[in-house]
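*Asks:* Could you have a look at this structure, given as structure tokens, before my questions?
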Amino acid sequence: MERIRERVIQIYGNLVSLLQKCIFCILSVGPIPNHIAFIMDGNRRFTKKCKLMEGAGHKVGFSALMSMLKYCYEFGVRYVTVYAFSIENFKRSPEEVQSLMDLMLKKIEEILKKQSIVNRYGVRVIFSGNLKLLSEPVRLAAERAMLATAKNSKAVLSICVAYTSTNEIMHAVQESCEEKWDEITLLNSSGAGYGLINLGGYEQDEMDHLIKLTDIEKHMYMAAAPDPDIIIRTSGETRLSNFLLWQSANCYLYSPSVLWPEIGFRQFLWAILNFQQIHFYLDKLKKQS
Ligand SMILES: CC(C)=CCC/C(C)=C/CC/C(C)=C/COP(=O)(O)OP(=O)(O)O
Numbered sequence: 289m290e291r292i293r294e295r296v297i298q299i300y301g302n303l304v305s306l307l308q309k310c311i312f313c314i315l316s317v318g319p320i321p322n323h324i325a326f327i328m329d330g331n332r333r334f335t336k337k338c339k340l341m342e343g344a345g346h347k348v349g350f351s352a353l354m355s356m357l358k359y360c361y362e363f364g365v366r367y368v369t370v371y372a373f374s375i376e377n378f379k380r381s382p383e384e385v386q387s388l389m390d391l392m393l394k395k396i397e398e399i400l401k402k403q404s405i406v407n408r409y410g411v412r413v414i415f416s417g418n419l420k421l422l423s424e425p426v427r428l429a430a431e432r433a434m435l436a437t438a439k440n441s442k443a444v445l446s447i448c449v450a451y452t453s454t455n456e457i458m459h460a461v462q463e464s465c466e467e468k469w470d471e472i473t474l475l476n477s478s479g480a481g482y483g484l485i486n487l488g489g490y491e492q493d494e495m496d497h498l499i500k501l502t503d504i505e506k507h508m509y510m511a512a513a514p515d516p517d518i519i520i521r522t523s524g525e526t527r528l529s530n531f532l533l534w535q536s537a538n539c540y541l542y543s544p545s546v547l548w549p550e551i552g553f554r555q556f557l558w559a560i561l562n563f564q565q566i567h568f569y570l571d572k573l574k575k576q577s
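Offset between the sequence shown (1-based) and the numbering used here: plus 288.
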């Protein structure tokens, strides 16, 4: 009896995945987003709603993330970014921060296993954020994961930890200033003698030493990924909460009402359909003007 039950579940699973493949095939006639970012909101609320043990919502949340990654990579999305832990999250109780870090550590080991989604889809994993703020075991695990997947080239997963956009922008501006300062000092010491830049009426060669947009962008934590096409934030919230502010100028925000651990194929499909509809509409406007 048990074997029949297992077989039925297996057949059902195969049928569902065949149906999903057919849907992806039809959808791929339209534009496929290159980069989707997720704000995984509502894990603690899910714990409360389902009367689970403390921290269980985040574990279910991780499984939901694995399903979303599978949909993204099956559909042909090359870049996925997730907001896994913000700098603000360090203000939570020490027990909660510790439990989230323990989960992170365990899950990093899991995603490095041979049969994991990361290895199955050839995904390069990048941890983006102020990694110095992480405890040593988590930081080392993150570095290990980046090294182990560095040669994967089919897709990219950016995991934002110890991240906020304002911190990212500040870091990038500081790095760019330091780089320019070093450049000017080097030129001065070699006798080129540019002196201090007069911001009033500078000459062309002085202009070359002003910081450009590309200087700042190359120092962003998210420099390895293009701007996102869609940001999906669960639990009906439409705030960005200091996530990808620099990169989201032309991005579509989709905000399903489900909590993160409840997100599934339906929400993914709806996000893609809405994105494609907006894309077609903007294309039409462009052609008319
Ligand atoms: C390796 C890896 C990528 C692990 C990620 C694991 C995971 C699902 C992390 C979510 C972290 C987080 C603070 C989510 C927000 O929900 P919340 O806790 O703020 O819940 P609430 O919105 O209900 O308060």
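Just so you know, even glycine gets a beta-carbon here, dropped at the ideal spot from N, CA and C. Bear in mind that the values here come from a model prediction, so they are computed numbers and not experimental data.
In whole angstroms, what is the alpha-carbon distance linking G524 and M328?
*Replies:* In a straight line, the C-alpha of G524 is about 11 Å away from that of M328.
*Asks:* Runs of 4 residues minimum, wholly inside the stretch 448-481: which ones carry the alpha helix (DSSP H) assignment?
*Replies:* Segments of the alpha helix (DSSP H) lying fully in the stretch 448-481: 453-477.
*Asks:* Would you check if the distance between the CB atom of S355 and the CB atom of G552 is smaller than 9 Å?
*Replies:* Yes.
*Asks:* For R366, write down the residues that DSSP places opposite it in a beta bridge.
*Replies:* The partner list for R366 (beta bridge, DSSP) is empty, contrary to what the question assumes.
*Asks:* Excluding the 5 residues flanking G318 on each side, which residues of the same chain have their C-beta closer than 6 Å to its C-beta?
*Replies:* Q564, listed in sequence order.
*Asks:* Less than 9 Å between the C-beta atoms of V413 and V449, yes or no?
*Replies:* Cβ distance not < 9 Å, so V413 and V449 don't count as in contact.
*Asks:* I'd like to confirm something about F568: is its beta-carbon nearer than 8 Å to some heavy atom of ligand 1, or not?
*Replies:* No.
*Asks:* Contact check, L578 vs G330 under 8 Å by CB: the rounded distance?
*Replies:* One cannot answer for residue 578 here, as it falls past the ends of the chain, which runs 289 to 577.
*Asks:* Ordered along the chain, which non-local residues of its own chain (more than five positions away) have a Cβ less than 6 Å from that of L474?
*Replies:* Taken in chain order, the list of residues that qualify is empty.
*Asks:* Is it buried or exposed for K395, if we count other Cβ within 10 angstroms and need 16 for buried?
*Replies:* Classification for K395: buried.
*Asks:* Does the stretch 295-314 come into contact with the stretch 337-353, if we say contact requires no fewer than three beta-carbon pairs (one atom in each stretch) closer than 8 Å?
*Replies:* Touching, no, given that fewer than three Cβ pairs across the two stretches are closer than 8 Å.
*Asks:* Pick from T369, V411 and L391: whose alpha carbon is nearest that of K442?
*Replies:* With distances taken between Cα atoms, K442 lies closest to V411.
*Asks:* Grab me the residues of L393's own chain with a C-beta within less than 7 Å of its C-beta, minus the 5 sequence neighbours each way, in chain order.
*Replies:* If we look at L393 and ignore the five residues flanking it on each side, its Cβ neighbours are P425, V426 and A429.
*Asks:* Would you check whether ligand 1 has a heavy atom nearer than 8 Å to the C-beta of D571?
*Replies:* No - ligand 1 has no heavy atom lying nearer than 8 Å to the Cβ of D571.
*Asks:* Contact between the stretch 512-522 and the stretch 462-471: three or more CB pairs below 8 Å?
*Replies:* No, because fewer than three Cβ pairs between the stretch 512-522 and the stretch 462-471 fall closer than 8 Å, the two stretches do not touch.
*Asks:* Return no unless some Cβ of chain D is closer than 9 Å to the Cβ of V406.
*Replies:* Any reference to chain D falls outside this structure, which holds one protein chain only.
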